[in-house]
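S.K.: Handing you a structure now.
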Amino acid sequence: MIAARRFLGSGMVALVMCLGGMSSGWSQEAPATVAPPAPQRPNIVFVLADDLGYNDCSFGGESRYRTENLEQLAKQATILRSLYVQPVCTPTRAALMSGRYPMRYGLQVGVIRPDFTFSLDLAERTLAEELHDLGYHTSIVGKWHLGWSRPEMLPLARGFDNQYGMLTTGAIDYYTHRRAEVGIDWYREQEVLDEPGYSTDLIADEASRQVRAHDFSAQPLFLYVAFNAPHSPYQTPEEDDPGLPDTLPQSRRDFARMVRALDRGVGRLVAALEEQGVMDNTIIVFSSDNGGVAPRQRADNRPFRDGKGSVYEGGVRSNGFIWYPGKIEARQVELPMHTVDWYPTLVHAAGGEVHKDNLDGINQWERLTGAAPAEDPDRVILLNTAPRASALRQGPWKLVRTRTPAGETTTSLYHLPSDVGETTDVAAEHAADFERLSAELDRFESEQATPLVQQQ
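In our numbering, the protein residues as written are 4 to 459.
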């Protein structure tokens with residue numbers, strides 16, 4: 004038991020210190036609770052931010068403001084400097100839940116809008132279903148965004164025992180939870196819930212409530228906490244945030260207030276886990292669903308090119324981490340991972356075997372725990388295939404293919420260790436690598452399903 008690991012949570016003295024810009028991180032006072040007997044399987048908490056830039060958090064980057072709670076977690080975690088996601092919201096969530104590239108089932112382009120009638124393919128066995136069948140209590144708190152027009156598309160039919168939050172998208176009013184096309188987009192157990200309040204706070208409070216209500220001695224918990232912050236509309240918390248530097252321009256300051264509200268929410272969630280005495284048997288993963296919106300009036304994707312919606316690094320590379328005391332070391336790794344890897348990796352960590360033989364994701368557990376070197380130079384990671392842009396990565400190489408509306412195609416090769424900003428095409432100097440990776444991308448493009456948005 005690590006007694007000194009206590010987070011900054013709402014309603015605690017530590018939060019007052021945080022809001023005052025005086026946080027010093029962990030307190031030295033152990034929670035006054037007795038831990039229940041630890042179940043054999045670890046609890047899994049997956050925290051997903053929405054449109055967060057690579058440098059919008061203060062762990063492992065150059066953020067212009069602090070995210071104290073995430074920073075404290077990351078100090079004891081393995082920070083993933085090359086964690087790849089999809090360019091936009093729905094595809095990343097589909098990749099996480101399915102363990103397969105979204106181009107396999109037509110979700111590689113765009114997002115599922117409220118008026119669309121398709122979903123994550125109902126034939127896809129989800130990560131939640133895998134963990135549920137291993138005896139986990141499974142819950143989603145926050146943004147679903149994988150289809151909602153029929154009951155069988157919704158979380159309670161896709162492996163989750165509980166649901167709270169948004170079902171259509173995440174681009175809702177942060178206070179009223181309304182969207183023009185659907186009205187209120189806020190639900191508990193898939194029933195409309197008229198519950199005004201700042202959505203970031205409500206998501207964090209509900210996740211914390213579920214942790215406190217759960218009987219960890221009876222079964223492990225899989226808690227998927229999908230914040231809609233800091234996605235637009237850019238609405239800030241009502242309270243001011245004196246912890247921010249005065250030098251931030253107003254647009255970035257507002258964005259930072261949204262990010263720091265998310266950070267405080269993570270602090271409250273971790274405080275609840277501490278109170279339950281289960282932190283030492285809990286895996287926590289943090290990631291964004293895609294890069295921040297570019298240009299950088301708000302989000303900060305430095306040092307990468309472009310942002311959300313792009314297959315350049317600014318759109319598909321997230322600064323994330325995995326935390327698991329006693330199993331995961333405090334370090335930073337450059338191991339290229341993709342969101343599809345979480346499916347087999349977390350099922351393995353839970354002591355299970357994947358019941359799908361067509362995964363694109365690979366089990367990274369040994370590399371993450373240090374049982375194997377944190378490298379995989381031969382692996383080809385598909386970053387996306389789409390009518391306008393496709394990309395993949397292998398080792399130091401990044402191949403990007405773009406198409407104009409007129410059908411003109413350009414394929415470029417970048418050497419990321421020396422050109423992380425993807426400014427210099429080196430295809431001519433490395434013709435063999437260019438031809439080899441171009442053939443790989445040709446293969447992926449030939450295998451892709453027709454984008455469902457084109458059939459809507």
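Every residue, glycine too, gets a C-beta built ideally from N, C-alpha and C.
Bridge partners for Gly317 per DSSP, in chain order?
M.R.: Answer by DSSP bridge pairing: none, since Gly317 is not bridged.
S.K.: What span of residues does the alpha helix (DSSP H) with Met156 cover, start to end?
M.R.: Membership of Met156 in any alpha helix (DSSP H) is not indicated, and neither H nor E is assigned to it by DSSP.
S.K.: Since Ala430 and Val314 should fall inside the 8 Å C-beta cutoff, what is the C-beta to C-beta distance between them, to a whole number of angstroms?
M.R.: Ala430 to Val314, Cβ: 16 Å. No contact.
S.K.: Go to Ser415, then tell me how far its beta strand (DSSP E) extends in each direction, as first and last residue.
M.R.: 412 to 418
S.K.: Tell me the DSSP secondary structure of Ala33 in three-state form.
M.R.: Note that Ala33 scores 41 on pLDDT, short of 50, meaning its location in the model is unreliable and no value can be drawn from it.
S.K.: Pick out whichever of Lys359, Asp243, Leu349, Ala232 has its Cα sitting closest to the Cα of Asp59.
M.R.: Ala232
S.K.: My guess is that Thr2 and Met100 are in contact by the Cβ rule of under 8 Å, so how many angstroms apart are they, rounded?
M.R.: For the chain, the structure presents residues 4 to 459; residue 2 sits outside this window and is missing.
S.K.: Excluding the 5 residues preceding and the 5 following Glu332 in the sequence, name in chain order all residues of the same chain whose CB lies nearer than 7 Å to its CB.
M.R.: Thr81, Gly373
S.K.: In chain order, what residues of the same chain lie with their CB nearer than 7 Å to the CB of Glu448, ignoring the 5 residues before and after it?
M.R.: Thr388, Ser393
S.K.: Entirely within the region 101 to 173 and at least 3 residues each: give me those beta strand (DSSP E) ranges in chain order.
M.R.: 140 to 146, 165 to 169
S.K.: Please work out which residues of its chain come closer than 7 Å, Cβ to Cβ, to Pro158, disregarding the five sequence neighbours upstream and downstream, and give them in chain order.
M.R.: Excluding sequence neighbours, Pro158 sits near Ile143, Trp147, Gln166.
S.K.: Can Pro347 and Asn366 be called in contact, C-beta distance under 8 Å?
M.R.: A Cβ-Cβ contact shorter than 8 Å links Pro347 with Asn366.
S.K.: Might you give, ordered along the chain, the residues of its own chain that have their beta carbon closer than 8 Å to the beta carbon of Gly354, omitting 5 neighbours on each side?
M.R.: In its chain, beyond the 5 residues on either side, Gln43, Arg44, Leu137 have a beta carbon closer than 8 Å to the beta carbon of Gly354.
S.K.: If contact is defined by three or more beta carbon pairs under 8 Å, each pair taking one atom from either stretch, is the region 121 to 135 in contact with the region 149 to 164?
M.R.: yes
S.K.: May I ask you to report which of helix, strand or coil DSSP gives Arg267?
M.R.: helix
S.K.: Alpha carbons only, please: which of Pro240, Arg271, Arg396 is nearest the one belonging to Met3?
M.R.: As shown, the chain starts at 4 and ends at 459. That puts residue 3 outside it, with no answer to give.
S.K.: Given this structure, state the Cα-to-Cα distance separating Ile47 from Glu432, to the nearest angstrom.
M.R.: 45 Å
S.K.: When burial is assigned at 16 or more other CB atoms within 10 Å of the CB, is Leu440 buried or exposed?
M.R.: buried
S.K.: Once you ignore the five residues that flank Glu378 on each side, which residues in its own chain have a CB closer than 7 Å to its CB?
M.R.: Leu338
S.K.: Please work out which residues of its chain come closer than 8 Å, Cβ to Cβ, to Arg161, disregarding the five sequence neighbours upstream and downstream, and give them in chain order.
M.R.: Met100, Leu123, Thr129, Ala131, Glu132, Leu149
S.K.: Taking the straight line between their C-alpha atoms, what separation do you get for Ala229 and Ala275?
M.R.: 17 Å
S.K.: Note down, in chain order, each residue of its chain lying with its Cβ closer than 8 Å to the Cβ of Ser211, except the 5 sequence neighbours on either side.
M.R.: Gly12, Arg271, Leu272, Ala274, Ala275
S.K.: Exposed or buried, Thr427, counting other C-beta atoms within 10 Å across all chains shown (16 or more means buried)?
M.R.: exposed
S.K.: For Asn304, which option in Leu51, Tyr57, Phe49, Asp422 has the closest C-alpha, if you only look at C-alpha atoms?
M.R.: Tyr57
S.K.: As an exercise, report each continuous beta strand (DSSP E) stretch of at least 3 residues that is fully enclosed by the region 296 to 381, in chain order.
M.R.: 320 to 326, 334 to 336
S.K.: Give a yes or no on contact between the region 350 to 364 and the region 400 to 415, applying the rule of three or more CB pairs nearer than 8 Å.
M.R.: In short, these stretches do not touch, since the Cβ pair count stays below three.
S.K.: Assign Asn72 to one of three DSSP states: helix, strand, or coil.
M.R.: helix
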